[in-house]
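Trainee: Protein chains in written order, with our numbering: chain A, -7 to 146; chain B, -7 to 146.
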């Protein structure tokens, strides 16, 4: 461990959340670069003083208006080349829509231009931003395996 | 998501790894503050350009001389008060000792003053540094549940 004052640079932490309803997964269309107009999971940067779980819930609320509960961690993705802005790692949660949001349609907000529900059966042909396609493929496997995942996991 | 240049401060990412052999878990005695002389999991800061999985393997090697393979992610712990140096989050892996290190005794190195094997049955009475006692209790539960964990998870 590098002790005391941090002399080294470190990856910057983000969170993303996978929310499935029936056979579909909730994605948002990005309003800005990088990956402007691409589909991604709702998510964003973790603030200092905020836990990753609180950041995940806050980002879904900001981008989709939905209240969620977190169920599991799918994995932690930290390949240095996964984000063109720099070394940005993501803790990816699996969540579900809370009771109180259950009958509400999500509304795009903040950095999300629109909401997109994608059928899990159709994802092979879809193009997603960042490494979210790989994450979605890992999620499909996770539904059977209940393992956890990371960027270089075989 | 805060786009472009990061204006906000973010938690600093670390990794820790739980390695069990027979009924015992591998801990190291810290050489320095914070938690000097306390037992903790081998681990440390993730460097920019390094994945969390590579950081976990590197830190175990530096602190215990052992080669390991990673099997799963136990959880991500990011309570802002878990480390007195600042907001430091940890991705916690479960690993196993690699074939080639299997018959070797671990040797303390780097920031580890000594190696300590603790029987999982005895951990209730042990005192660990940081939030590693909580993490070890979650690990005991994980062995049954195969769920994932985070700081505020009930």
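In this text, a Cβ means the ideal position worked out from N, Cα and C, and glycines have one as well.
#1: With 16 other CB atoms within 10 Å as the buried threshold, where does residue 15/A fall?
#2: With H, G and I counted as helix, E and B as strand and the rest as coil, what does DSSP make of residue 113/A?
#3: Could you name the residues of chain B that residue 143/A contacts, counting a contact when the two beta carbons are closer than 7 Å?
#4: Does DSSP classify residue 88/A as helix, strand or coil?
#5: Between residue 29/A and chain B, is the shortest Cβ-Cβ distance under 7 Å, so that the two count as touching?
#6: Going by DSSP in three states, residue 38/A sits in which element: helix, strand or coil?
#7: Any C-beta of chain B sitting closer than 7 Å to the C-beta of residue 90/A?
#8: For residue 130/B and residue 114/B, I'd like the C-alpha separation in whole angstroms.
#9: Where in the stretch 18 to 69 of chain B do unbroken runs of the beta strand (DSSP E), each at least 3 residues long, occur, reported from the N-terminal end onward?
#10: To which residues of the same chain is residue 29/A closer than 7 Å at the C-beta, ignoring the five residues directly before and after it?
#11: Would you list the one or two residues that DSSP bridges to residue 81/A?
#12: How many Å lie between residue 144/A and residue 26/B at the Cα?
#13: Please report whether the beta-carbon of residue 70/A lies at a distance below 7 Å from any beta-carbon of chain B.
#14: Anything in chain A within Cβ reach of residue 67/B, meaning under 7 Å, just list it in chain order.
#15: Relative to the C-alpha of residue 106/B, which candidate in 43/B, 19/B, 76/B, 137/B has its C-alpha closest?
#16: Taking only beta-carbon atoms, is residue 76/A less than 7 Å away from chain B?
#17: Taking the alpha carbon of residue 135/A as the reference point, which residue from 122/A, 80/A, 64/A, 117/A has its own alpha carbon closest?
#18: Quick check on the DSSP output: the alpha helix (DSSP H) that includes residue 136/B runs from which residue to which?
#19: Taking only three categories from DSSP, how would you classify residue -6/B?
#20: Taking only the alpha-carbon atoms, compute the straight-line gap between residue 104/B and residue 92/B and give it to the nearest angstrom.
#21: Step through the CB atoms of chain B and report whether any lies within less than 7 Å of the CB of residue 38/A.
#22: Find out if the Cβ-Cβ distance for the pair residue 234/A, residue 7/A is shorter than 7 Å.
#23: My guess is that residue 60/B and residue 87/B are in contact by the Cβ rule of under 8 Å, so how many angstroms apart are they, rounded?
#24: If you compare alpha carbons, which of 90/A, 84/A, 54/A, 109/A is closest to residue 101/A?
#25: Compute the beta-carbon to beta-carbon distance between residue 73/A and residue 44/B, rounded to the nearest angstrom, for a pair I have assumed lies under 8 Å.
#26: Under the rule that 16 or more other beta-carbon atoms within 10 Å means buried, what is residue 111/B, buried or exposed?
#27: Can you check which of these residues, 142/A, 11/A, 1/A, 81/A, is closest to residue 62/A by C-alpha distance?
#28: Taking the beta carbon of residue 186/B as the centre, do at least 16 other beta carbons fall within 10 Å, making it buried, or is it exposed?
#29: Taking a cut of 8 Å between CB atoms, which residues from the stretch 4 to 22 of chain B lie near chain A?
#30: Buried or exposed: residue 2/A, going by 16 or more other Cβ atoms within 10 Å of its Cβ?
#31: Could one say the Cβ of residue 79/A lies closer than 7 Å to chain B's Cβ atoms, at least one of them?
Mentor: Based on what the coordinates show:
#1: By the 10 Å Cβ count, residue 15/A comes out exposed.
#2: Under the three-state reduction of DSSP output, residue 113/A falls in the helix class.
#3: Here the neighbours are 43.
#4: When DSSP states are grouped into helix, strand and coil, residue 88/A belongs to the strand group.
#5: No, residue 29/A does not count as interfacial toward chain B.
#6: Reduced to three states, the DSSP call for residue 38/A is coil.
#7: For residue 90/A, not one C-beta of chain B is nearer than 7 Å to its own C-beta.
#8: Rounded to whole angstroms, the gap between the alpha carbons of residue 130/B and residue 114/B is 15 Å.
#9: As far as the stretch 18 to 69 of chain B is concerned, its whole beta strand (DSSP E) runs of at least 3 residues are 35 to 37, 60 to 69.
#10: These residues qualify, in order along the chain: 21, 22.
#11: Bridge partners of residue 81/A according to DSSP: 5/A.
#12: Near 32 Å, if we compare the C-alpha coordinates of residue 26/B and residue 144/A.
#13: At least one chain B Cβ lies under 7 Å of residue 70/A.
#14: By Cβ distance, chain A contributes 65.
#15: Taking only the C-alpha atoms, the option nearest residue 106/B is 19/B.
#16: At a cut-off of 7 Å between beta carbons, residue 76/A makes no contact with chain B.
#17: The residue with the shortest Cα to Cα distance from residue 135/A is 64/A.
#18: Unbroken alpha helix (DSSP H) run through residue 136/B: 124 to 137.
#19: Reliability of the predicted coordinates at residue -6/B is poor, the pLDDT of 43 falling under 50, and the value obtained from them is presented with this limitation in mind. DSSP places residue -6/B in the coil class of the three-state scheme, outside both helix and strand.
#20: Note on geometry: alpha-carbon atoms of residue 104/B and residue 92/B lie some 22 Å from one another.
#21: Interface residue, yes.
#22: There is no way to answer for residue 234/A, as the model of chain A reaches only from -7 to 146.
#23: Yes, they are in contact, since the Cβ atoms of residue 60/B and residue 87/B sit about 4 Å apart, within 8 Å.
#24: Here the closest residue by C-alpha is 54/A.
#25: The C-beta distance from residue 73/A to residue 44/B rounds to 15 Å, too long to fall under 8 Å, and the pair is not in contact.
#26: It counts as exposed.
#27: Among 142/A, 11/A, 1/A, 81/A, the Cα nearest to that of residue 62/A is on 11/A.
#28: Outside the shown range of chain B, which is -7 to 146, sits residue 186/B, and nothing can be said about it.
#29: Listed by position, the residues of the stretch 4 to 22 of chain B near chain A (Cβ gap below 8 Å) are 4, 5, 6.
#30: Counting of Cβ neighbours within 10 angstroms places residue 2/A among the buried residues, the total reaching 16 or more.
#31: Cβ-Cβ to chain B under 7 Å: yes for residue 79/A.
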